[in-house]
Amino acid sequence: MKKLFFLLAGLCLSYVFSLSVCASVITLHDGWVLQNHYPTSVPSTVMGTLTENGEYGGILEGMNYKSVDCTRFEVPWIYENHFKLTDKELQGHHIFLQLDGISYRADIILNGKVLATKDQIFGTYCRHRLDITQDVQCDNDLKIEVYRAQKGEPNAGFVDWNPGPVDGNMGIIRPVSIIVCGDVLLSDPAVYSLVNKHTLKEAWLQLNTVIENVSDHEVTGHLVGSFDGRKFQWPMTLKPHQRRLLRLNDEDVEALHVLAPRLWWSRDLGKPDLYRMHLEFVSANGTEDADDFTFGIREINDYYTSNGDRGFTLNGKRLLIRGGGWTDDIFMRDTPSSNAAQLKMVCDMNLNAIRMENIWGGSQDIFNRCDSLGILVLPGWTCHWEWEDYLGKKCDILYGGMTSEADVTLMTRYFHDQVLWLRRHPSIICWFIGSDKLPAPELEQNYLLILNKLDPSRPHITSAKKLESGLTGTAGMKMAGPYDYVSPSYWYEKRAPGGAFGFNSETGIGAQLPQKEDIVRMVGTDHLWPVDSVWNYHCTASTSSMSTLDRLQEVLGERYGETGTLDAFLHCADLANYESTRAMFESFRVNVPRATGIIQWMLNSARPGMYWQLYDYYGVPNAAYYGVKNGNAPLQLIYDYGQRKVMMANSTLNRHEAIAEMDLYDTDGRQLSHQVKLAEAKEINYAGVFQVPAFRPDNAFLFLKLKDRAGNLLAHNVYVLAKDSDVYDWAKSTWITTPVRHYASYEALSSLPVVDVKVVVNTSGKKESGKVKIVLNNPTNHVAFFLRMALVDRQGTLVSPVFYSDNYISLEPHQQTTVTCDLSQLKTKSKLRLKVEGWNIKPLGISLN
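Numbers in my numbering are just positions in the sequence shown, counted from 1, shifted up by 168.
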């Protein structure tokens, strides 16, 4: 194998790096006009542009969406952009039009010339590059005429999370760019790494990049690279129009053997360190093309437990993956700022992963952010293409809808283009090449060839279920539900299909209601109470189940007693949401290594909804958000409903000792038990701490605190317990839920003594720091239960994004706590009012101005 003349005679390298860079990429983001009338930017969909221009106001509230005339989108729509190039960019360069995502078909017209038609430009996940060198001018008019997907065509899919986009997401859904280069074009570079997993002090890198001679003559030169103070070059000769996938490793390039590397870790295990690589191809004429990109030094592997369940390791350390299912906005209107706000919430909940059942995102922005934040990403294909009701054509019972020769060809192209586009991101730890079903064998074989060639650094997963592929064996995943309500104790039951073992690729408790003020926005004051068809319309779009709140209403009645008012209904719904979602994550934490991963279905919502979300469409956390945040604290005391024990969980790479405290109160505020103990837990593990004593009343409050040796609070957790237990009808379990024969009773909560909570808001320094301190004081002899804080504007609308250090708080008798409220990302901080309400307090309102 050829060897690099590493750091060849300083003069040569000095000369190479001093050459002027003539290559450039011009992203055509602004200045677009849709249908000669609507100003817009790209990426955008037709419906996204119309709503941004003031049409369809309030379309997602009430039942307005049902009234949209979809025939408007049966005809093509035209995007137009006028862009300029300089004489310097035009002279002696090759120029390309890069289209990273068109939904679903398009005619491409430049300066009046048809460059490509909809028979050539089609497929949501195909990338297209057109040579426009002979057609481009100083002043240019670009037209892209888009056509919506038809039934049977694999478009971006929302399945049953919400009604389908009325325009079919027709539009330009990913960036449009003009590429200017010399005779050689570099594209889609990536760096893969192997790590010495015993010492973590050594890594071996492999550089991959596509290099193409776009000229009619042979080109000789060097690929020149630099990162972290290291420089290298590699000689190459390319024949006319030769396209080559170049791979260089440490045997070729000494600089790719790294001692004492700064490793990339997920956010729960360490720091997600990144490197920046600069590449150039340099010939005798100078720099032909250049690229800059970031990469992480890390090694991802998978393994199987003795039960055949899949798990993952990062740099040799076993991961417990804890995340949620990501969806884009229904009209694909997500922006870098909305991505940033949502990923901040992922971090705030102490989650370490998101799963994309669709390779979502209007650009690489969300993946770049996950790289920087240390959030693991599990992207892949959607089950939208696996079921006839959603795809619109007959689907195979095992392989879904992508089985014909044309389908296999298109899906192979999809996967090839997406892997090349995204492979440089260290946050991506696997590829889901199937969802509810398996890829057809011929298609899976094509996928494997692509991964072997383009991305050997990550595992692939054939299905989100534990299905068996004839080519690669078991998927090792679990998708046995539930998707609708189960009680907290369910997750600890050994007979629970979705319980705390293996990798549960998607599961949740169904209805997860927004806060009251956002429900008002969603259903309107005329339908606010009782629950009616407008509420139900904002459940899932499934025609078979989970399309009403009937299940939730039944559960609340059985568990807490009748809820005759909106406030009582929401108090109970929030508590059920908080406790069971928290238990879902906590149960997996205290069952490692048997448990390897848990994905909440879902993280967010594509439209205002009642189901499957940790924060709502308006960006406001619901009750489950704070349960998940507390339950996933790096060090935490967790109540195990199965053993009635308190466990100390540790999700870090270090062994920890801490002082654990447990206090048990009855519903009148009498202390039933107080225990203190020194607790210890090993890395990414757990240990038993307390046995919770039996109690006589029907319900009791369990307060848990974890402190360091100096007495500083590290974490806290609060549970309300029942004397009796939920009894499940396991024989009637379905993928939706498991029926409950007998519900544990929490009816005593409806008659808690009313307490007078004192609230003080400290706004000093708010303008400088954007933070407000809220002091909650319970001076009584009773528990103040489940207090919700809500910040509203003068119209009573919840403002966002706002980050509370904690919410839905319960206070022991004579306890005081301080909550920090971060307002720094609010655009307007004036005329704000803090509302505080709870199960057994009179509602309070305090002005912040």
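Glycine residues also receive a C-beta, built at the ideal position from the N, C-alpha and C atoms.
Could you tell me whether the Cβ atoms of Leu511 and Cys538 are closer together than 9 Å?
yes
For the pair the stretch 442-459 and the stretch 613-625, tell me if three or more CB-CB distances fall below 8 Å.
Not touching, per the Cβ criterion.
Can you grab the Cα-Cα spacing for the pair Ile677 / Ile852, in whole Å?
26 Å
With 16 other CB atoms within 10 Å as the buried threshold, where does Ile766 fall?
With 16 or more other Cβ atoms within 10 Å, it is buried.
Using the Cβ count rule (16 or more neighbours within 10 Å means buried), how would you classify Gly291?
Counting the other CB atoms within 10 Å of its CB gives Gly291 a total of 16 or more, which places it among the buried residues.
Is the beta carbon of Val344 sitting closer than 9 Å to the one on Leu196?
Contact flag set, yes.
One question on the structure: do Gly795 and Thr749 come within less than 9 Å of each other, judged by their Cβ atoms?
It is a contact, given that the beta carbons lie within the stated cut-off.
How is the beta strand (DSSP E) around Asp557 delimited, first residue to last?
DSSP places Asp557 in no beta strand (DSSP E) but in the uninterrupted alpha helix (DSSP H) bounded by Glu556 to Leu559.
With DSSP run on the structure shown, which of helix, strand or coil describes Cys238?
It is helical.
Measuring CB to CB, does Gly389 end up less than 9 Å from Val352?
yes
Between the CA atoms of Pro907 and Ile977 - distance to the nearest angstrom:
30 Å
Starting from Met690 and walking both ways along the beta strand (DSSP E), at which residues does that stretch end?
Not the beta strand (DSSP E): Met690 falls in the alpha helix (DSSP H), residues Lys684 to Val691.
Check whether the Cβ atoms of Ala158 and Val844 sit closer than 9 Å, and answer yes or no.
Since the first and last residues shown for the chain are 169 and 1017, residue 158 lies out of range.
Any idea what DSSP makes of His739, helix, strand or coil?
helix
Residues that Gln401 bridges to, as DSSP identifies them
Val392
Going by DSSP, what residue range makes up the alpha helix (DSSP H) through Tyr779?
Premise fails: Tyr779 is in no alpha helix (DSSP H) and is neither H nor E.
When DSSP labels each residue in this structure, what does Val189 get in the three-state scheme?
The predicted model places Val189 with a pLDDT of 41, which falls under 50 and marks its position as unreliable; any figure quoted below should be read in that light. Val189: strand per DSSP, three-state reduction.
Given a cut-off of 9 Å, decide if Leu413 and Leu202 are closer than it, judged by their beta-carbon atoms.
The Cβ-Cβ distance between Leu202 and Leu413 does not fall below 9 Å.
Please check the pair Ile543 and Ser595, which I expect to be a contact at CB under 8 Å, by giving their CB distance rounded to whole angstroms.
Contact between Ile543 and Ser595 holds: their C-beta atoms lie close to 6 Å from each other, under 8 Å.
Mind checking which residues open and close the beta strand (DSSP E) that includes Val922?
Element bounds for Val922: n/a, residue is neither H nor E.
Using CA atoms only, rank isn't needed, just tell me which of Trp903, Val236, Pro322 and Glu321 is closest to Lys646.
Selection Trp903, Val236, Pro322 and Glu321 evaluated against Lys646 yields Trp903 as nearest (Cα-Cα).
Please list, in chain order, all residues of the same chain as Asn945 whose beta carbon is under 6 Å from its beta carbon, the five residues on each side excluded.
The answer, listed in chain order, is Lys926 and Gln984.
Within this structure, are the beta carbons of Leu253 and Gln305 separated by less than 9 Å?
yes
Judging by CA-CA distance, which residue of Ser773, Ala791 and Ala792 is the nearest neighbour of Asp784?
Ser773
I'd like to know whether the C-beta atoms of Leu559 and Trp553 end up nearer to each other than 9 Å.
yes
So, helix, strand or coil for Trp432, using DSSP?
strand
Anticipated Cβ contact below 8 Å, Gly216 with Gly339, distance rounded:
7 Å
For Ile766, list the residues DSSP reports as bridge partners.
Arg490 and Asn672
Does Ala274 pass the burial test, meaning 16 or more other C-beta atoms within 10 Å, or should it be called exposed?
Ala274 is buried by the Cβ-count criterion.
Buried/exposed call for Glu242, threshold 16 Cβ in 10 Å:
Its Cβ having fewer than 16 others within 10 Å, Glu242 is exposed.
Gln532 - partner residues in DSSP beta bridges
Beta bridge pairing from DSSP links Gln532 with no other residue.
Would you give the residue range spanned by the beta strand (DSSP E) that Lys941 belongs to?
Lys939 to Asn945
Assuming Ala744 contacts Arg727 (C-beta within less than 8 Å), just tell me the rounded distance between them.
7 Å
Check whether the stretch 363-371 and the stretch 391-405 touch, using three or more Cβ-Cβ pairs below 8 Å as the test.
By the Cβ rule, the stretch 363-371 does not count as touching the stretch 391-405, because fewer than three pairs are nearer than 8 Å.
Rounded straight-line distance, which links the Cα of Glu456 to that of Ile263:
Straight-line Cα distance between these residues: approximately 12 Å.
Skipping 5 residues on each side, what residues in its chain have a beta carbon closer than 6 Å to that of Arg411?
Glu380
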